[in-house]
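Report on the structure given below.
Numbering (the UniProt record's numbering), first residue to last: 1 to 82.
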């Protein structure tokens with residue numbers, strides 16, 4: 001059984017999808033953790049502004065998570081389109 005070009009392309013697509021999700025999950029995870037840590041620090045220093053800080057934190061985490069969603073889209077395209 002010979003390995004054909006289509007098999008190599010499919011294997012590369014699977015590898016690329018795995019790498020995309022692996023690296024794409026690191027950034028949002030670290031970013032959201034840092035945002036939450038800084039928000040907790042700020043709330044500890046100024047508890048009166050907890051509502052504003054929490055809203056700002058959630059917006060920052062949503063922006064950070066968008067890169068993870070982009071990597072998921074790329075991985076799905078590699079798995080099902082290629």
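Where is the CB? At the ideal position from N, CA and C, for every residue including glycine. A quick note: this is a predicted structure, and the numbers were derived from the prediction, not measured.
Short Cβ contact (7 Å threshold) for residue i with residue j
{"i": "residue 17", "j": "residue 72", "result": "no"}
{"i": "residue 13", "j": "residue 82", "result": "yes"}
{"i": "residue 60", "j": "residue 30", "result": "no"}
{"i": "residue 53", "j": "residue 62", "result": "no"}
{"i": "residue 57", "j": "residue 39", "result": "yes"}
Environment of residue i [buried if 16+ CB atoms lie within 10 Å]
{"i": "residue 75", "result": "buried"}
{"i": "residue 28", "result": "buried"}
{"i": "residue 24", "result": "buried"}
{"i": "residue 66", "result": "exposed"}
Residue of the options minimising C-alpha distance to residue i
{"i": "residue 33", "options": "70, 64, 80, 69", "result": "64"}
{"i": "residue 69", "options": "49, 21, 2", "result": "21"}
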